[in-house]
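Scroll down for the structure; my scribbles are underneath it.
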Amino acid sequence: MIETMDQIFVLLQHWLMGLLPAALQPVAGVVLGVVAIVCLFPALFALTTVFERKGLARIQNRIGPNRVGPLGILQPVADGIKSLIKEDIVPLCADGVVHFLAPLLLVVAVFMGFAVLPMGRNMVLVDMDAGLLFFFAMGASTELSVFMAGWSSRNKYSLLGAMRAVAQMISYEVPLLMSSLSVVMIAGSLSLTKIVEAQNHYTWGLPHWYIFTPWGLAGFLTYAIATTAETNRSPFDLPEGESELVAGYHTEYSGFKFALFFLGEYLAMFSISGLGTTLFLGGWSAPFSFLGWVPSWFWFFSKMMLSIFVFIWMRGTLPRLRQDQLMNFAWKFVLPLTLVNLMVTVLWRFLGDGWQRWVFCSAILIVAYAGIGLAGMRRGHFGPRRYLYAE
Amino acid sequence: MNWAFYLIAALTVAGGLAAVLLKNTVHCALALTVAFAGLALFFLQLDAQFAGFAQILVYIGAVAILIVFAILLTRGSETPKGSVFSRNWLAGLAIAAGVFAVLGWAVLHSASVLPHETAAPTVTVLQIGNALMGRYVLPLEIVALLLTAALIGAVIVALHEKEGSR
Amino acid sequence: MLGEGILKGMAETAKNFFGSYVSAERMTTVEYPEQRLAPIEATRDFPFLVYDGADWEAGLRCVACQICEKECPPKCIFIEKSKDKKPDAVGKPQFYPARFDIDISVCMSCQICVEVCPFEAIKMDTEFELSTTDRFGGLLLDRKQLAKSDEYYHRIHPIEAGEVDARLAHGKVKTEARTTAVAIASAIKGAEVPAKSEGGGD
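Protein chains in written order, with this note's numbering: chain A, -11 to 379; chain B, 31 to 196; chain C, 651 to 852.
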């Protein structure tokens, strides 16, 4: 019974495949998985928009949307209808083909990232040996679509916003890859299913998740910062916050294309928190060994939604970072910290089991955090302004 | 699976042709990105997973963006006044034909020299890592030195500009 | 310590989030239109004409002196004086407005018309739900729509209405005192010169 609940989607897929002739079965299996992902994650996206608005509202001591449906649950339906029936305005001198392809490329690249996430026991769409690398490769393609969107609008401000967004995404790509590198080192494989299986052990009922190790905690924090910056999420949302002030890279988009950008951003948030739970929070494994009877996909999705909730919490708490503050933070704080973390991971692996490695690694990380924090994030001393051309 | 090969080949050649024939330079850069994607698909078709994904990550994720930035920061983003074809197209054609002949001879010659293997050897990331750290460690370190030099050079160029404006 | 501020901020927002469900003083949202905020004494929106008694035509305080029309900055008041007179609140025959229109799409609620009216005839209303589908005629309020009773005025601005009533009562007392004094004076004069006819009021 527990097994059935755990594998219910896999069994459903096999049953549906069995209805078809043998030649079509592999294709049908993959198509069913794709259909499931394409239906599930946009539905989660719709739910998340309501949660975000209501969560932010409660943080700001007000009620969120509550008119459409009970507790505002049907608000995304209203938003969806609105975005579909709005007029699709394309500027006259905009580059038509590139303007059209940019949101498409974004959504396609983001959807591809879901293919390697293990959402439960035996529930990964494509089990690749280099799954993590595939995921990051798809993430890199999103930068190109941001640039295409900004450039094709033939708008100075869009282009500036796109350049800033691309600079931000490139800067935070390096800490992102480095923090996941420590996980790969310890797990010994680039395959995400193997990484989850390496964390699926319990000692005295407590799990072996990587976040419960010193290097895992530091790695998770830098991973969280890097992913918040990669998906242009607050407090790193200067490219899209700019669209409230001047213009961002998706200012010339209206109607459904804008909705596609929005969808792409939220789906990127989902996939990257999915990857975060896989790498650091143990994927589909239960928190305690006695909770193993709960289906594995339930744990995966609840951890993912917990990460989303933390994203929303951060958005409601922190003010936006300026572009230079953002870049300083990336290159002067996060990157050195990830390098130190990498070395600490090596130390962890080669010190062998025991309490020594806990103490040493934690000590090194705390000293590095404080030291880099003091050294790298010192405020520049600005003297009196010199006006070159006014004198 | 020959049809897959021909399809990817068509995509890559089309991308490459578009990269040289289009008027708008940024369009050319985007077409070059399509050619990169085609190359990555070739790697994947040959079961070289690491090479394929690294191609996407590095070429499309970084090099294409670099090319586009370079085009935008110079005056290449304006549409060219004259035709895209240069005047010495005959000499160019001759040189291209010569290079193609040499490359073709090298590829076909090497195919007859290598033993015929029916099954492609599965190269795992572990083997690539071991090879990089074992047999090819010197080229790896030299490439790292090159990258460091490029990084320092970029920082110096940017720094120099800041001091030059004072 | 780097990151301390972020943690303190997150604790604050968490307190806000959970507190908004439990404590009523955090959640100050008034869900319009099911709930409404009670208007305060000095709330003002657009002007209205006050009438005393039950009949709005007979009791209308406005005597069409047209001072408010002249003083109105955006010129949104349109008055047409009547040809005949009718007795006003103190009994004296006065003109009355045959037409008194206010264009509330122009009115900027500056209250100057209220300040300059010598007869306490025009006051500020608190009604704001005046949306209509007719953009021009629907927003031009005429005499009948503008006339509201003195009891209504007491309901919406109790303190102000009390002061106005006191002023009017004081004015009435003064007028009556003067009328009585003139009557006494003319009665005395009439006793001396019985041929002179009695005059009316002032």
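Quick reminder that beta carbons are idealized off the backbone N, C-alpha and C, glycines included. Owing to the predicted nature of the structure, the values given are computational and were not obtained by experimental measurement.
For A/Met151, no beta strand (DSSP E) segment is defined; the enclosing uninterrupted segment is the alpha helix (DSSP H) at Lys144 to Ala175.
The region 246 to 259 of chain A makes no contact with the region 172 to 183 of chain A; the number of CB pairs closer than 8 Å stays below 3. The beta carbons of A/Ala206 and A/Asn329 sit about 5 Å from each other, so the pair counts as a contact at 8 Å.
Think of a sphere of 9 Å around the beta carbon of C/Arg686: no beta carbon from chain A falls inside it, the nearest being about 16 Å out. The C-beta of A/Arg50 comes closer than 8 Å to at least one C-beta of chain C. With fewer than 16 other Cβ atoms from the protein chains shown falling within 10 Å of its own Cβ, B/Phe130 counts as exposed.
Looking from the CA of A/Phe102, the closest CA among A/Gly264, A/Leu353 and A/Arg308 belongs to A/Gly264. Burial is judged here by how many other beta carbons sit within 10 angstroms of a residue's own beta carbon; A/Glu131 has at least 16 and is buried. The C-beta of A/Asp76 has fewer than 16 other C-beta atoms within 10 Å across all chains shown, which makes the residue exposed. When C-alpha distances from C/Glu730 are compared across C/Gly741, C/Tyr746 and C/Pro724, the shortest belongs to C/Tyr746. Closer than 8 Å at the C-beta level to chain C, one finds these residues of the region 281 to 304 of chain A: Trp301, Met302 and Gly304. Note that the C-beta distance between C/Asp695 and C/Thr782 is not below 8 Å. With contacts defined as CB atoms closer than 8 Å, A/Phe29 and A/Phe258 qualify as a contacting pair. Taking a Cβ-Cβ threshold of 7 Å, the residues of chain C close to A/Leu306 are Ile656 and Gly659, in chain order. For C/Tyr701, the enclosing beta strand (DSSP E) covers residues Pro697 to Tyr701.
Chain-ordered, the chain B residues with CB closer than 8 Å to the CB of A/Ser129 read Ile86, Ile90 and Gly91. Among the residues facing chain C, A/Ile47 is included, as its CB has a counterpart in that chain under 8 Å away. The Cβ-Cβ distance between A/Pro202 and A/Trp346 falls below 8 Å.
Within the DSSP secondary-structure output, C/Glu730 pairs in a beta bridge with C/Arg749. The beta carbons of B/Ala84 and A/Leu121 sit closer together than 8 Å. With three or more CB-CB distances shorter than 8 Å, the region 698 to 711 of chain C counts as touching the region 766 to 775 of chain C.
Taking C-beta atoms under 8 Å as the contact rule, A/Ile183 and A/Thr215 fail to qualify, at a distance of about 17 Å. The residue from A/Leu267, A/Phe200, A/Ser159 and A/Tyr190 with its alpha-carbon nearest to that of A/Leu178 is A/Leu267. For the pair A/Val332 and A/Ile352, the CB atoms are nearer than the 8 Å cut-off. At a cut-off of 8 Å between C-beta atoms, A/Phe99 does not count as an interface residue with respect to chain B.
When Cβ-Cβ separations below 8 Å define contact, B/Ile97 makes no contact with chain A.
Within its own chain, no residue has a Cβ closer than 8 Å to the Cβ of A/Tyr377 once the five positions on either side in sequence are excluded. Taking the CA atoms as reference points, A/Val298 sits about 33 Å from A/Gly342.
By the Cβ-count criterion, A/Tyr375 is exposed, with fewer than 16 other Cβ atoms from all chains shown falling within 10 Å of its own Cβ.
Within 8 Å of the CB of A/Ala186, no CB atom of chain B is found; the nearest one sits about 15 Å away. Close to chain A, meaning a Cβ-Cβ distance shorter than 9 Å, are the following residues of the region 47 to 60 of chain B: Asn54, Val56, His57 and Leu60. In this structure the region 282 to 300 of chain A lies against the region 104 to 124 of chain A, because at least three pairs of beta carbons, one per stretch, are closer than 8 Å. A residue is called buried once 16 or more other Cβ atoms fall within 10 Å of its Cβ, and B/Val155 is buried on that count. Counting along the chain, A/Ala274 sits inside no alpha helix (DSSP H), nor does DSSP assign it H or E at all. Taken atom to atom, the span from the alpha-carbon of A/Ala128 to that of A/Ile73 is near 32 Å. Contact with chain A is found for C/Ser670, since one of that chain's Cβ atoms lies less than 8 Å from the residue's Cβ.
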